[in-house]
Every structure is written in C-alpha cells, then in structure tokens.
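Numbering (our numbering), first residue to last: 2 to 288.
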Amino acid sequence: MNGDPEYAQEFVDIAGGRLGVQIYPEPTGAAGAPVVVIWPAMGVRARYYRPFATALRAAGLAVVVADLRGTGASTPAPSRADRHGYTELADDVGTVLAALKPQLDGRTRLLLGHSLGGQAALLHLALHGADAVDGLALVAVGIPYWRSYPGRRGVGVLPYTQGIAATTALLGVWPGWGFGGRQARGVIRDWAYTARTGRFPRLDGTDTEAAVRAVRTPVLAVSVDDDQYTPHETMDHLCGKLTAAPVTRERYTVAQAGAALDHFTWVRAATPLAQRIAGFASDLPPR
Numbered sequence: 002m003n004g005d006p007e008y009a010q011e012f013v014d015i016a017g018g019r020l021g022v023q024i025y026p027e028p029t030g031a032a033g034a035p036v037v038v039i040w041p042a043m044g045v046r047a048r049y050y051r052p053f054a055t056a057l058r059a060a061g062l063a064v065v066v067a068d069l070r071g072t073g074a075s076t077p078a079p080s081r082a083d084r085h086g087y088t089e090l091a092d093d094v095g096t097v098l099a100a101l102k103p104q105l106d107g108r109t110r111l112l113l114g115h116s117l118g119g120q121a122a123l124l125h126l127a128l129h130g131a132d133a134v135d136g137l138a139l140v141a142v143g144i145p146y147w148r149s150y151p152g153r154r155g156v157g158v159l160p161y162t163q164g165i166a167a168t169t170a171l172l173g174v175w176p177g178w179g180f181g182g183r184q185a186r187g188v189i190r191d192w193a194y195t196a197r198t199g200r201f202p203r204l205d206g207t208d209t210e211a212a213v214r215a216v217r218t219p220v221l222a223v224s225v226d227d228d229q230y231t232p233h234e235t236m237d238h239l240c241g242k243l244t245a246a247p248v249t250r251e252r253y254t255v256a257q258a259g260a261a262l263d264h265f266t267w268v269r270a271a272t273p274l275a276q277r278i279a280g281f282a283s284d285l286p287p288r
C-alpha cells in the first residue's frame, strides 16, 4: 500500500454499534513516544489519513485513527432511525480514549481533529474535562459561520448549509449529495446551527459555549491555505471561543507544504505539519 505501514484494525463497542479504530505500529526507536489520536472530517474514512499517519510516525509519534460514528468501519450507518449528533460524537471521543487507556498510561497524549473531528474533540474536552489528554491539535477546523467567510462567500454559505439541513429534515437522513457523505440528521442539524449562528448548540442541557470558554488544554490551531470549507477566518472564529486555553495559532501554507493544498489534500502533503505537531507534543508538560 505505497509503502505505508499497516495498522491493526480494532473496534470499540458503543450503544447500538461500534467504532473502528486503527492502531499503527509504534515509531521505531521511540519507546514511550507521545500518542496522537486522530478524528477525521465529516464523511472521511480513517484510512484516508494513512499518509499523515506515516509522517507523524516518522516524526516520532505513536498514531491512532478513529472512524467517526457512521463512517468507514464505524456503525451504525446513518439512517432515518439514527439521530445521533454532536453529543454522541463528543462522547465517542471519551469512549475511545477509555478503551486505549492501557496504551496511553504514562504517555503524553494528544487529540488531533480535522474539520468535524476537531469540533468533536474540542466538545469532548469542554463537556467531559481534559484529564485524559495533554493537548489538542486542530487542523483545517473552523466554525462554518456564514458571517466569518471572507468577501461575499458567506452569502452563499448560509443558504447552502441551511438547504442541506432542510433536505435532511425532510428525508430523515442526509444522503451525501455532493457534500459530507451520508450523515445522521442530528449531525447535520448541529452543524447547520453552527453555520447559522456561529455558536455551538446546547448539548444535553449544557451551555456548550461557556464550556468551551473554560477549556484550559493547550491548543495548536492550524488552518490550511486554499481551504474551500474552513478558510483561515473560520479557524480564527473558533479560536476566539478559547479564552482560557493557551492557543498557538498557525497557518499551513503552500510554500511550507511544497504542494497544492485544500481542505482535504493537505493530508497527502503533511510532512512539515507532522513535524510541527511532534514539536508541539514534545513541548507539553510531561505526565
């Protein structure tokens, strides 16, 4: 498979299904290396991140990649009967961390989220506390708030996102027509709320905005050049919510990557970014 290392496919049980988790071999010559747990973008399978996992391992990190609920090896498949949303995605992060506890004990551990996966990781920290992790890396993550887009782009973002939400409400599930893959109605409902209001929805009666403001976990927030879905300004909007956390805000540029970039293709040109993430992990206070 292009020389990339094989991973061990494992599963973690959840109510009504299971989460697929890919565990890569330990990096060579780095006993007790920091562990990074990757949470993918909406509709993107964990196996898409193999080039990124390879680059992270080469930079000295142990790597785990989880499929989001209903995507790839994770179940249940989105359907009219499945209404999971951001609450369940945030809970799933904790479930996987608990299952990985034997591999994580005594080691620096980092959550890394791409797009929707980054929101899920952040919401997990906000709703359930940060004791299980030492740092959070956000790559190409942003609140898709229509007013935060540069120029006139936001004028199109609002009807586009709300149209997807209306279609999902009508059909009971988002079929994945040209965006995001097949998704449960709750995911689309919560995503569309952020696009309309610029805020996270209340989850299980919790003021999520206040909970995010209270997060104190160190954050590396990296936006990507030419990102068609979460441009730099949407990451800035998200970082503005992290008022208590130490945030390192950076941009990953075409010049740094040496290749064209967008919301997805950075994964295949991420060696410099992987090295930066390894540096961030090494700077975190040891357990």
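Beta carbons are placed, not taken as given, at the ideal position from N, Cα and C, and that holds for glycine.
For the beta strand (DSSP E) that contains residue i, what are its first and last residues?
| i | result |
| --- | --- |
| SER224 | 220-225 |
| TYR25 | Note, TYR25: premise wrong, no beta strand (DSSP E); not H, not E. |
| ASP14 | 9-15 |
| THR249 | 248-253 |
| VAL94 | Note, VAL94: premise wrong, no beta strand (DSSP E); alpha helix (DSSP H) at 87-100. |
| VAL38 | 36-40 |
| LEU171 | No beta strand (DSSP E) contains LEU171, which is instead part of the alpha helix (DSSP H) from 154-172. |
| HIS264 | Careful: HIS264 lies outside any beta strand (DSSP E) and carries neither H nor E. |
| GLY114 | 110-115 |
| VAL134 | Run containing VAL134: none; DSSP gives neither H nor E here. |
| ALA67 | 63-67 |
From residue i to residue j, what does the alpha carbon distance come to, in whole angstroms?
| i | j | result |
| --- | --- | --- |
| ALA196 | ALA32 | 43 Å |
| VAL158 | TYR150 | 8 Å |
| HIS129 | GLY95 | 8 Å |
| GLN276 | LYS102 | 25 Å |
| ALA63 | ARG200 | 33 Å |
| TYR49 | ALA67 | 11 Å |
| ARG1 | GLU210 | It is not possible to answer for residue 1, since the shown part of the chain is limited to 2 through 288. |
| VAL216 | ARG250 | 16 Å |
| VAL65 | LEU113 | 10 Å |
| PHE180 | GLY155 | 17 Å |
| TYR194 | GLN120 | 13 Å |
| ALA59 | PRO77 | 34 Å |
| LEU105 | PRO26 | 14 Å |
| ALA47 | THR55 | 13 Å |
| VAL225 | ARG81 | 34 Å |
| LEU262 | GLY152 | 20 Å |
| ALA138 | THR169 | 30 Å |
| ALA16 | VAL140 | 29 Å |
| HIS115 | TYR230 | 12 Å |
| LEU239 | THR29 | 36 Å |
| LEU20 | THR254 | 33 Å |
| ASP228 | THR207 | 31 Å |
| LEU57 | TYR8 | 14 Å |
| PRO232 | THR162 | 16 Å |
| ASP132 | PRO160 | 39 Å |
| ASP93 | ILE39 | 13 Å |
| VAL97 | VAL134 | 12 Å |
| ALA167 | ASP83 | 17 Å |
Keeping to the same chain, check which residues put their C-beta closer than 6 Å to that of residue i; ignore five residues upstream and five downstream.
| i | result |
| --- | --- |
| MET2 | Here the model assigns MET2 a pLDDT of 40, short of 50, so the residue's position is not dependable, and the following value carries that caveat. Nothing meets the Cβ criterion. |
| PHE265 | none |
| GLY136 | LEU111, PRO219 and LEU285 |
| PHE53 | VAL268 and ALA271 |
| SER75 | LEU20, GLY21 and ASP68 |
| GLY18 | THR76 and PRO77 |
The alpha helix (DSSP H) with residue i in it runs from where to where?
| i | result |
| --- | --- |
| LEU239 | 233-240 |
| ILE144 | Run containing ILE144: none; DSSP gives neither H nor E here. |
| ALA282 | 272-284 |
| VAL213 | 209-214 |
| ALA196 | 186-198 |
| ALA54 | 51-59 |
Whose CA, out of the options, lies closest to the CA of residue i?
| i | options | result |
| --- | --- | --- |
| ALA212 | TRP192, ASP237, ALA246 and GLN229 | ALA246 |
| PRO273 | CYS240, ARG252 and PRO287 | ARG252 |
| VAL299 | VAL223, TYR25, VAL64 and PRO28 | The structure shown does not extend to residue 299, since the chain is modelled only from 2 through 288, so no value can be given for it. |
| LYS242 | GLY179, ILE144 and PRO287 | ILE144 |
| VAL22 | GLY30, GLN10 and ILE15 | GLN10 |
| VAL37 | VAL45, GLN229 and LEU221 | LEU221 |
| ALA282 | ALA16, THR29, LEU20 and PRO35 | PRO35 |
| VAL142 | HIS125, GLU7 and ALA42 | ALA42 |
| ALA127 | ASP237, ILE278, GLY280 and THR244 | THR244 |
| THR235 | LEU117, HIS125 and GLN163 | LEU117 |
| LEU123 | GLY18, GLY73, LEU57 and ARG214 | ARG214 |
| ASP191 | HIS233, ILE39 and TYR146 | TYR146 |
| GLY280 | SER75, GLY61, ASP93 and TYR8 | GLY61 |
| ILE278 | HIS233, THR109, ASP237 and ALA133 | THR109 |
| ARG148 | ASP83, ASP237 and ALA167 | ASP237 |
| ASP205 | VAL97, ALA167, VAL134 and ALA91 | ALA91 |
Can you list, in chain order, the residues of its chain with a C-beta nearer than 7 Å to that of residue i? Leave out the 5 residues immediately preceding and following it.
| i | result |
| --- | --- |
| ALA100 | VAL13 |
| ILE165 | TRP175, PHE180, ILE189 and ALA193 |
| ILE24 | TYR8, ALA9, GLU11 and VAL65 |
Nearer than 7 Å: is that true of the beta carbon of residue i relative to any heavy atom of the ligand COA?
| i | result |
| --- | --- |
| ASP237 | No copy of the ligand COA appears in this structure; indeed no ligand is present at all. |
Only counting the same chain, and skipping five residues up and downstream in sequence, which positions put a Cβ closer than 8 Å to that of residue i?
| i | result |
| --- | --- |
| GLY305 | No answer is possible for residue 305: the residues shown for the chain start at 2 and end at 288. |
| ARG183 | GLY44, GLY71, ALA78, PRO79, VAL174, TRP175, PRO176 and GLY177 |
| THR198 | TYR146 |
Worksheet item: Do the region 166-173 and the region 246-258 make contact, defined as three or more Cβ pairs closer than 8 Å?
Response: No, because fewer than three Cβ pairs between the region 166-173 and the region 246-258 fall closer than 8 Å, the two stretches do not touch.
Worksheet item: Are the region 174-193 and the region 84-91 touching, with three or more C-beta to C-beta distances below 8 Å?
Response: These segments touch.
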